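**Student:**
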Amino acid sequence: MTDTILTGPQVQKRYQRSGVTIWRWWHDDALGFPKPIQINRLNYWRLSDLEAWEADQAAKLTPAQ
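Using this note's numbering, the first residue of the sequence shown is number 231, and each one after it goes up by one.
1) Name, in chain order, the residues that DSSP records as bridge partners for tyrosine 274.
2) Measure from the alpha carbon of glutamine 242 to the alpha carbon of each residue in Ile269, Trp255, Thr292 and Gly262, then state which is nearest.
3) Check arginine 247 in the structure and name its three-state DSSP category.
4) For the ligand FMN, any of its heavy atoms closer than 8 Å to the Cβ of glutamate 284?
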């Protein structure tokens, strides 16, 4: 199985957030945002890791009353 790899700009576009915000997310251990894979000092994320994090965040939401 091959996993889709996203670049930093693709992750920024996916979440509509700046690179600085993405950096803060992955350095905030409490948030649990996936750590990037570094190749030649560039950051990449596995799409499956991001989707798992999204599902985990959705599960933490409480239903509106």
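C-beta atoms are modelled at their ideal positions from N, C-alpha and C, and glycine is treated no differently.
Keep in mind that this is a model prediction, so the values were computed, not measured.
**Tutor:** The relevant details are as follows:
1) Along the sequence shown, one-based indexing puts residue 274 at 44. According to DSSP, tyrosine 274 bridges with Thr237 and Ile267.
2) Your numbering for residue 242 matches position 12 in the sequence shown. Closest option to glutamine 242, Cα to Cα, is Trp255.
3) Locating residue 247 in the sequence shown gives position 17, where the first residue counts as 1. Of the three classes helix, strand and coil, the one that applies to arginine 247 here is coil, per DSSP.
4) What this structure holds is no ligand at all, so the ligand FMN is not there to describe.
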